[in-house]
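Chemist: So that we are looking at the same thing, I have put the structure below in C-alpha cells.
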Amino acid sequence: MTDADADAETDTGTATTAATVTTDAAGAKSYLNAGFGVTSWLLTRDHKRIGILFLVTLTLFFFVGGLFAVLMRIELLTPPGEIFQSETYNKLFTMHGVIMIFFFLIPSIPTVLGNFLIPIMIGARDLAFPRLNLLSWYVFVAGGLFTLAAVVAGGVDTGWTFYTPYSSVYANSRVVLAGVGVFISGFSSILTGLNFLTTIHTMRAPGLTWFRLPLFVWSIYATSIIMVLGTPVITITLVLLLLERTLQIGFFNPSLGGDPVLFQHLFWFYSHPAVYIMILPGMGVISELIAAFTRKRVVGYPFIAFSSIAIAVLGFLVWGHHMFVAGQSVYAGMVFSLLSFLVAVPSGIKVFNWTATLYKGSVSFQTPMLYAFGFIGLFTIGGLTGLFLAAMGLDIHVHDTYFVVAHFHYIMVGGMVMAFLGGIHFWWPKITGKLYPEGWGRLSALIIFVGFNLTFFPQFILGYLGMPRRYHAYPEELQILNVLSTAGASILGVGYVIPLIYLFWSMRYGRTAGANPWAAQGLEWQVPSPPPVDNFETRPTVTDEAYAYPMRGDPAVQEGMRKTTEMPP
Amino acid sequence: MNRDAHAHQFDTAEQQDAAARLGMWTFLLTEVLLFGGILTGYAIYRAEHGDAFTAGSARLDFWLGFINTAILIASSLTMALGVHAAEHRRHRLLMFFLAATMLLGAAFLGIKAIEYAHKIHERLLPGPLFAPAAPGARRLELFFSFYFALTGMHALHMLIGIAILAVLLVMVARRPDAPSIHRRIEVTGLYWHFVDIVWIFLFPLLYLLGPAGPAR
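Protein chains in written order, with my numbering: chain A, 1 to 569; chain B, 1001 to 1216.
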C-alpha cells in the first residue's frame, strides 16, 4: 500500500535504457549521467543518488552544528562569561547537540555510505523499497527544517536530552519546534533501518551467504536492528512530552503523581542504543579499510560480525548508567554498571582483531588508512574512559563534567567522524569516478588527528578537576586547559574544511579513478566507477568469502601493491 | 495480466512478496515498541497509584468498550476473508470485504468518539479543563492522560488503516487484475490485525482491570 500503481508493473529485465547519453567503458550508463535536471535528483529512486542527497544534506548540518561548537569554544577562551549570556550559551550547546546527534551522527554512515553501498555489496540492483528510501530523505529534510526553524525562532535551551519537567513546563524556548523536528527525523531512521533489514535478508546475490557478507554489511545490519527497535520509543516519548507541553496533559508532571525519571528511562532506552547507531557503522567502515590496506583477510571475521550483533543487543540493556545520580535504585545501578562493562568485551574483540589483522599484512598508509588508525586509537581511549563512567563510584565524581564531554567526543568525533571521513575517502573514487588528491588527504587527516586530540584531551583533565559541562563561566585556574582546547578546535575546524574543498575540486579536476583504484576486494569494486544505474549488468554470483586477498608471496600481491603505490602523491 | 510481474530491483515476484512481508513485519515490530513505550509508563504508574487508576477504570463505559472489542474482532474476520478472496482472485468479493472492514472500523471510531464526548462532558479530559471534585483527582487525571494517549494513538492507527483500505478499494475497482493487488492486500491485512491486537491489549488494561483489579 506504500506504492503507487506503477512499480509492480515495470519490466522485469535488466532495464537497459536506449538513450544516447555518455556511456562509460562498460557500456552501461552511469548513475550520475542518468539524468541532469533537478527533478532527476529530487524524484530519484536510485539508492546511489539518494545517498548523495543525504551526503549533501548532512554536510550542511555538520557545518551548522560545528558553527555552534565554534561559538562555544570562543566563549570558553576566558573564565568569565563575557560574550554570551548564560541563556544564550544554553541554547548554543543544545542546538550543537541536537543537530550533531540527530541530524549528523545518527544518519551519517548508514544513509550515505549504507545507501550507496549496501545494494552493491550484496549484488542487488537497489534496496527493497526504493520509494520508502526517497521518502526517508524527504522526512529527514522536513525534520531538519523544523529544527532549523527552532534555531531561527530563538533556539532551544533544554540540552539535547529534553529532560522534563524543565522542557515540558518551565523552558521559555522553542522546545515544540525542535521536539517536532527530532520526532519527524525518527521516522527517517525507522524507514532506513527497515529498508536495510529487508534488503539484506531477501536480496543477497546467489552464493552470498551470511558469512560471506562484507563486515560493513554486518555492522549496518546490527545498526538497523537498533534503529528499528529503539527509535519508536523516542518517538512516543517525544509525543508524550509534546502533549504535556502544548495541551498540558500530564505524563511526567510530579504534581499529578507523574515521575520525571520515567522520561529519563524512556529517553535513554533509545538514546543509549543510539550511541551504537552512531558507532557501529563506523566500525563496519574500519573493517573494510583495514582489510583493503593490509591486503589481508580480516582476522576473526565471525567474531567481528557477531560482536556487532552483541553490541546491538547489549546496547539495549545499559541505559541506566546515564542515571546513576538521578535517584535510580542502587541495585538497578549495580546491574546497569555490570552490563555496561560487558559492552567493552565485543568492542575489545573488534579492536584486537583489527590490530591483529595488521600483523604480517602489507600495510600502506593511504588517507583512508590514516583515518582507520586514528579511529582505532581514539575509539580505544573513548571506550576505556567509558568504563570509568560505567563504574558507579567514579561516575559520581565525574558525572556531568567535561570528562563525560571528552569521553563521548572521543567516540563520536574521534570514532564516528573519523570513520565517516575514512569511508568517504575510500569510496570517493567509486562514488564520483574521480581520485581525490592523496597528499592533501593525508595532510588533512593528520591535521584532524592533531586538532582533535588538542581539543578534547584537555577536557578529560578539566572534567577530572571538576569543571562541569554546560557552564559558560569557570574558575581562572582552568583557563590554560580551556585555551588549549579552543586552539585545538581551530585546528580541527581547518582540518574539516580542507577535505570539503579538495573533494569538491576533485569532482571536476580529479584524475579518473577506474573501477578499482585500491585493487580491493568486494563486489562494489567489480562494477565501473561511478556505477551504472542498475549496478550490475548481470546478477553476480558469489563463490568466495569476503576479503579473499591473495596470500603473501603470490605474484598478484605484488601487482596489487604496485597499483596502490601508484596512487598520485 | 502477468502474475510474475515485479518491480525492477527484484529478481522474481516471490522475492518481492517475501520483501514486502518482511518489511511489514519489521514495521509492526517498530509499532510494538511504540506502544510498548507508553504501556511501560502506564504499568509503572498503575503500580504506583493503584487506587486512583482503579477508580479511573471504573469511570470508563464497559459496554461501549465491549461492543467496540466485538466490532474490531469482526473487522479482523472480514479482513482475513478479504485476503482470502484476493488470493483466489475473486475481486467483487474482495471489494465487499474491504468495504465491510472499513465500515466496521468507522463504527469503532464512531463509538470511540461518543465515549470521548462523554468523558469531555464529565470534565475528565486532562489539562486545564479537568475538574472533578473527587478526592485524589490529580492521580485520576494521570490515568486519563494515559487513557486518551493510548486510545488516541490507537484511533490514529485505525484512521490510517481505513485510509489505506480506501486506496486499495479504489485500486481494485480500477484494475482488479493488477498483479500487485494480492501482495498489497496481504500486507495491509497484517497491519489491520496488528491494530486490532493492540486494542485487545488496551481493552483489559484500561477497562477490565478497574473494579476487579487487585485491592490496594
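Backbone N, C-alpha and C define an ideal beta-carbon position, used for all residues, glycine too.
Against chain A, with Cβ distances strictly below 9 Å, would residue 1046 of chain B count as a contact?
Modeler: What you label residue 1046 of chain B is simply residue 46 of the second sequence in a count that begins at 1. With 9 Å as the cut-off, residue 1046 of chain B does not count as an interface residue toward chain A.
Chemist: With DSSP as the reference, label residue 57 of chain A as helix, strand or coil.
Modeler: Numbered from its first residue, the first sequence carries residue 57 of chain A at position 57. Residue 57 of chain A falls in the helix class under three-state DSSP.
Chemist: For residue 22 of chain A, which three-state DSSP category applies?
Modeler: Translated into the one-based positions of the first sequence, residue 22 of chain A becomes position 22. Because residue 22 of chain A sits at a pLDDT of 39, beneath the cut-off of 50, its placement in the model cannot be relied upon, and the point is left open.
Chemist: Pull up the CB-CB distance for residue 209 of chain A and residue 182 of chain A, whole angstroms please, since I reckon it's below 8 Å.
Modeler: Here residue 209 of chain A corresponds to residue number 209 of the first sequence, with the count starting at 1. Here residue 182 of chain A corresponds to residue number 182 of the first sequence, with the count starting at 1. Residue 209 of chain A to residue 182 of chain A, Cβ: 38 Å. No contact.
Chemist: Give me the Cβ distance between residue 202 of chain A and residue 1015 of chain B, rounded to the nearest whole Å; I'm assuming they're in contact under 8 Å.
Modeler: If you number the first sequence from 1, residue 202 of chain A lands on position 202. If you number the second sequence from 1, residue 1015 of chain B lands on position 15. Yes, they are in contact, since the Cβ atoms of residue 202 of chain A and residue 1015 of chain B sit about 6 Å apart, within 8 Å.
Chemist: Count the C-beta pairs between the stretch 1033–1043 of chain B and the stretch 1150–1169 of chain B that are closer than 8 Å, then say yes if the count reaches three, no if not.
Modeler: Short answer: they touch.
Chemist: Are the stretch 375–390 of chain A and the stretch 437–448 of chain A touching by the rule of at least three beta carbon pairs closer than 8 Å?
Modeler: No, because fewer than three Cβ pairs between the stretch 375–390 of chain A and the stretch 437–448 of chain A fall closer than 8 Å, the two stretches do not touch.
Chemist: Spell out whether any CB of chain A is found under 9 Å from the CB atom of residue 1110 of chain B.
Modeler: By one-based count along the second sequence, residue 1110 of chain B stands at place 110. It does not; no Cβ of chain A falls within 9 Å.
Chemist: Would you list, in chain order, the members of the stretch 243–259 of chain A that have their beta-carbon closer than 9 Å to a beta-carbon of chain B?
Modeler: The residues in question are 243, 244, 247, 248, 249, 250, 251, 252, 253, 255, 256, 257, 258, 259.
Chemist: Can you tell me where the alpha helix (DSSP H) with residue 1031 of chain B in it begins and where it stops?
Modeler: As a working mapping, residue 1031 of chain B is identified with position 31 in the second sequence. Element bounds for residue 1031 of chain B: 1013–1048.
Chemist: For residue 109 of chain A versus residue 419 of chain A, is the C-beta spacing smaller than 9 Å?
Modeler: For the purposes of this step, residue 109 of chain A is taken as the residue at position 109 of the first sequence. For the purposes of this step, residue 419 of chain A is taken as the residue at position 419 of the first sequence. Taking 9 Å as the Cβ cut-off, residue 109 of chain A and residue 419 of chain A qualify as a contacting pair.
Chemist: Could you check if residue 90 of chain A is buried or exposed, using at least 16 other CB atoms within 10 Å of its CB as the buried criterion?
Modeler: By 1-based counting over the first sequence, the position of residue 90 of chain A is 90. Residue 90 of chain A should be labelled buried.
Chemist: Using a Cβ cut-off of 9 Å (strictly closer), state whether residue 1194 of chain B contacts chain A.
Modeler: For this step, residue 1194 of chain B is matched to residue 194 along the second sequence. Chain A, which has no Cβ nearer than 9 Å to the Cβ of residue 1194 of chain B, makes this no.
Chemist: Are residue 1138 of chain B and residue 256 of chain A closer than 9 Å when you measure CB to CB?
Modeler: Mapped onto the second sequence, residue 1138 of chain B falls at position 138. Mapped onto the first sequence, residue 256 of chain A falls at position 256. Against a cut-off of 9 Å, the Cβ pair of residue 256 of chain A and residue 1138 of chain B comes out as a contact.
Chemist: Count the other CB atoms, across all protein chains shown, that sit within 10 Å of the CB of residue 360 of chain A; report buried if there are 16 or more and exposed otherwise.
Modeler: As a first step, residue 360 of chain A must be located in the first sequence, where it is residue number 360. Classification for residue 360 of chain A: exposed.
Chemist: Just tell me which of A:244, A:408, A:493, A:96 has its CA closest to the CA of residue 278 of chain A.
Modeler: Locating residue 278 of chain A in the first sequence gives position 278, where the first residue counts as 1. Minimum Cα distance to residue 278 of chain A is reached at A:408.
Chemist: So with Cβ pairs under 9 Å, would you call residue 400 of chain A a contact of chain B?
Modeler: Against the first sequence, residue 400 of chain A aligns to sequence position 400. False, the Cβ-Cβ gap to chain B never drops below 9 Å.
Chemist: Flag residue 124 of chain A as yes if its beta-carbon sits less than 9 Å from any beta-carbon of chain B, otherwise no.
Modeler: The residue labelled residue 124 of chain A in the question sits at position 124 within the first sequence. Interface residue, yes.
Chemist: Give a yes or no on whether 9 Å exceeds the smallest Cβ distance from residue 183 of chain A to chain B.
Modeler: Translated into positions along the first sequence, residue 183 of chain A becomes position 183. It does not: the Cβ of residue 183 of chain A has no partner Cβ on chain B nearer than 9 Å.
Chemist: What are the boundary residues of the alpha helix (DSSP H) that residue 647 of chain A is part of?
Modeler: An answer regarding residue 647 of chain A cannot be provided, because it is not within the stretch 1 to 569 covered by chain A.
Chemist: To test your reading of the DSSP string, which unbroken alpha helix (DSSP H) runs of 4 or more residues are found completely within the stretch 266–344 of chain A?
Modeler: If we require 4 residues or more, the alpha helix (DSSP H) runs fully inside the stretch 266–344 of chain A come out as 301–315.
Chemist: Within 10 angstroms of the Cβ of residue 331 of chain A, are there 16 or more other Cβ atoms? Answer buried if so, exposed if not.
Modeler: For the purposes of this step, residue 331 of chain A is identified with residue 331 of the first sequence, where counting begins at 1. So residue 331 of chain A ends up on the exposed side.
Chemist: Note down, in chain order, every chain E residue with its Cβ under 9 Å from the Cβ of residue 322 of chain A.
Modeler: Protein chains in the displayed structure are A and B, and chain E is not among them.
Chemist: Count the CB pairs spanning the stretch 136–147 of chain A and the stretch 182–200 of chain A that are closer than 8 Å, and state whether there are at least three.
Modeler: Touching, yes, given that three or more Cβ pairs across the two stretches are closer than 8 Å.
Chemist: Identify the residues that DSSP records as bridge partners of residue 512 of chain A: which are they?
Modeler: Position 512 of the first sequence, counting from 1, holds the residue named residue 512 of chain A. Paired residue(s): A:434.
Chemist: Residue 221 of chain A: which of A:492, A:193, A:243, A:233 sits nearest, CA to CA?
Modeler: Locating residue 221 of chain A in the first sequence gives position 221, counting from the first residue. Looking at the Cα atoms, A:193 is the closest of the given residues.
Chemist: Which residues in the same chain have their Cβ closer than 6 Å to the Cβ of residue 260 of chain A, if we skip the five residues on either side of it in sequence?
Modeler: Position 260 of the first sequence, counting from 1, holds the residue named residue 260 of chain A. Same-chain partners within the cutoff: 164, 165, 252.
Chemist: To the nearest angstrom, report how far apart residue 406 of chain A and residue 484 of chain A are at their CA atoms.
Modeler: Here residue 406 of chain A corresponds to residue number 406 of the first sequence, with the count starting at 1. Here residue 484 of chain A corresponds to residue number 484 of the first sequence, with the count starting at 1. Spanning the two alpha carbons is a distance of roughly 14 Å.
Chemist: Sorry if obvious, but does the Cβ on residue 1129 of chain B come closer than 8 Å to a heavy atom of the ligand NAP?
Modeler: Of ligands this structure carries none, so the ligand NAP is not represented either.
Chemist: Which same chain residues end up closer than 7 Å to residue 502 of chain A when comparing Cβ atoms and leaving out the 5 residues on each side of it in sequence?
Modeler: Here the question's residue 502 of chain A lines up with position 502 in the first sequence. The answer, listed in chain order, is 436, 437, 440.
Chemist: Under 8 Å Cβ to Cβ from residue 396 of chain A, same chain only, skipping five residues before and after it: list those, please.
Modeler: Start at 1 with the first residue of the first sequence, and residue 396 of chain A comes out as number 396. For residue 396 of chain A, where only same-chain residues beyond five positions count, the Cβ hits under 8 Å are 324, 325.
Chemist: Throw me the rounded Cβ distance for the residue 80 of chain A and residue 473 of chain A pair, which I believe falls under 8 Å.
Modeler: In the first sequence, the residue the question calls residue 80 of chain A occupies position 80. In the first sequence, the residue the question calls residue 473 of chain A occupies position 473. That pair is a contact at about 5 Å.
Chemist: For the pair the stretch 1097–1106 of chain B and the stretch 1063–1078 of chain B, tell me if three or more CB-CB distances fall below 8 Å.
Modeler: Taking 8 Å as the limit for Cβ pairs, the verdict is that the stretch 1063–1078 of chain B does touch the stretch 1097–1106 of chain B.
Chemist: Below 8 Å on the Cβ atoms is my contact criterion, and I expect residue 452 of chain A with residue 413 of chain A to pass it. Report the Cβ-Cβ distance as a whole number of Å.
Modeler: Numbered from 1 along the first sequence, position 452 holds the residue referred to as residue 452 of chain A. Numbered from 1 along the first sequence, position 413 holds the residue referred to as residue 413 of chain A. Yes, residue 452 of chain A and residue 413 of chain A are in contact; Cβ-Cβ is about 6 Å, under 8 Å.
Chemist: According to the Cβ coordinates, are residue 1177 of chain B and residue 1089 of chain B closer than 9 Å?
Modeler: Looking up residue 1177 of chain B in the second sequence gives position 177. Looking up residue 1089 of chain B in the second sequence gives position 89. Yes.
Chemist: Just list the residues that DSSP pairs residue 30 of chain A with in beta bridges.
Modeler: Position 30 of the first sequence holds residue 30 of chain A. According to DSSP, residue 30 of chain A bridges with A:532.
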